[in-house]
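In the numbering used here, the protein residues as written are 1166 to 1296.
We put the CB at the ideal spot given by N, CA and C, even for glycine.
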């Protein structure tokens, strides 16, 4: 998964990373968060934004205080996250919802002045130079 963090609307990316295996990815103002965001947002000090899901996929966890969109496949339709979607494949919880992201999914999640852009990409296959 490729992730890019931005500050205000006109800022360039502050932090870009590629995660080759599904793992817990946190956002918040806390020092141990994967991506630190402005403390002026309504986000808690730490929130799990992405988590491992079945089949080696990532799972996007969406809270009520987030805005944004997601496309669940290349060429798929854009689904707005605010108000939170209530139809499958989204699972609804008391304080938000979650969705498993298949390969090719992409989207944007915003909170306060910060945004995370994401795209689930295929891992690059390393070819053996001896062949």
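Residue i, DSSP secondary structure in three states
i: residue 1245; result: strand
i: residue 1287; result: coil
i: residue 1181; result: strand
i: residue 1195; result: coil
8 Å Cβ cutoff met for residue i and residue j
i: residue 1207; j: residue 1195; result: no
i: residue 1166; j: residue 1276; result: no
i: residue 1189; j: residue 1235; result: no
i: residue 1279; j: residue 1183; result: no
i: residue 1247; j: residue 1232; result: yes
i: residue 1238; j: residue 1269; result: yes
Sheet register partners of residue i (DSSP bridge)
i: residue 1257; result: 1262
i: residue 1217; result: 1223
Contact test: residue i Cβ vs the ligand NAD heavy atom, cutoff 7 Å
i: residue 1182; result: Absence of the ligand NAD is noted for the structure shown, with no ligands found whatsoever.
Selected residue, minimal CA-CA separation from residue i, among the options
i: residue 1251; options: 1262, 1241, 1279, 1238; result: 1262
i: residue 1191; options: 1281, 1287, 1286; result: 1281
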